[in-house]
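Residue numbers are given in my numbering: position 222 of the sequence shown equals residue 206, and the series is strictly consecutive. C-beta atoms are modelled at their ideal positions from N, C-alpha and C, and glycine is treated no differently. One structure is given here, and the rest of the page talks about it.
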Amino acid sequence: MLEAAGRLWLLGVTGQIRRFAPAYTSPGGTEPYITQASGGCFGNQTVYALRLRAGRGVVAITPRAVGRLIRIRARGLLDGIAFDQTGEFGHRLLVTITAAGKTTVEAIDCHGGVTTVARNAPRVEGGIAVAPGTFGRFAGDLIASSEQLGKVFAITPHGKSLVVADSGLPRGQDIGVESEAFVPSGKRDALVADRVSLGNPHPGDNVVLRIQAAALNAAGVRPGDLLVAGEGGALTDAISCSPPGCKVKYVAGGPSRAHVEGHIAFAASP
C-alpha cells in the first residue's frame, strides 16, 4: 500500500500500481502516514490514515468508502501510526503526536474511544511498530525512532520510555533513523518509500526502495529482527533483542540522495 499525491495505491509484485479507494483524497499535510488493519473489529481490508488538516485525527478507508473521522485532541504534529498486533496495548490503534520536543501516545479502540498511554515520551516519529513477543525485554512495547538522537526507543503500555539501542547511524533532522518494521517469516523483500523533498540535502527520487530477501538473509537478518532505516540515504540497521540484551548490525545503504519516509513494508520476493 502506497500513499502518493494525496491518494492511496496498491503496488504489485512486478512494480505496477493501481488505485485503492477512489473516494479517498488526503486534505494535505506533510506526512499523512498510513497503516493497514489485519482483521478483527478494525476490518480486514481497511486502511487507517492520519488526517493532518481540516480536522485532526484518523480516518478509516475501505476500497469503497471513507469512514468517519476519529478526532485526536492532543496538541502537536501527528507523526506516527501503527496497530498493536501483539496485544499488550489491547489490540488498539496507536498514534504518536509530537509537541515541544516530547511525544504523546494515544490508543484508539475500534469504537473510536481514545486513551492517552504516554504524555512525555522522547521525541520520535515515522514508521512506528509494536514489537513481537520474541523481542526480548521489549516484547509488546511500541518501538519508535528519534532521527535527532539516532536512538530507538520502546514505550511500554504503562507509558514508560526505554532506550532499545543506539543505531550508530548518522543523526539529525531529515537524516537520522525514521522508518522501521519487524521482519516476518518467509522469503520477503523489504520496501520503503523514497520521497522527493526539493531543496533538501537528500532530495529523494519518488521511488520505492527494495532490499531483496536474499540480501537480508546474507546480512544475517532473521525473522523477528527490527529493521530501521535512516531518513537521509536509507542507511539500514537490523536490531535483534533477547533476554540478555540487544545487538545492532549494519545491513545496507541506499542511494545517497534518498529521502526515506514512513513504514518499512515487506512483500513476497518475486
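Find the nearest neighbour of residue i within the set the options, judged by alpha-carbon distance.
i	options	result
residue 104	98, 142, 219, 96	142
residue 225	237, 216, 115	115
residue 21	40, 14, -15, -11	-15
residue 132	89, 112, 156, 189	156
residue 8	158, 165, 47, 41	47
Excluding the 5 residues flanking residue i on each side, which residues of the same chain have their C-beta closer than 7 angstroms to its C-beta?
i	result
residue 254	-3, -2
Per DSSP, which residues does residue i bridge with? Please list them.
i	result
residue 197	Residue 197 is not bridged to any residue.
residue 118	None, per the DSSP bridge assignment.
residue 214	161
residue 130	135
residue 221	212, 234
residue 32	19, 44
residue 181	In the DSSP output, where bridge partners are listed per residue, residue 181 has none listed.
residue 145	139
Tell me whether residue i is buried or exposed, calling it buried when 16 or more other Cβ atoms sit within 10 Å of its Cβ.
i	result
residue 206	exposed
residue 174	buried
residue 35	buried
residue 100	exposed
residue 106	buried
residue 161	buried
residue 14	exposed
residue 16	buried
residue 234	exposed
Once you ignore the five residues that flank residue i on each side, which residues in its own chain have a CB closer than 8 angstroms to its CB?
i	result
residue 172	197, 250, 251, 252, 253
Does the region -6 to 1 come close enough to the region 54 to 62 that 3 or more CB-CB pairs lie under 8 angstroms? no
At a cut of 8 angstroms, does the region 133 to 149 reach the region 175 to 183 through at least three beta carbon pairs? no
Flag this pair as touching only if the region 121 to 141 and the region 178 to 189 have three or more C-beta atom pairs under 8 angstroms; answer yes or no. no
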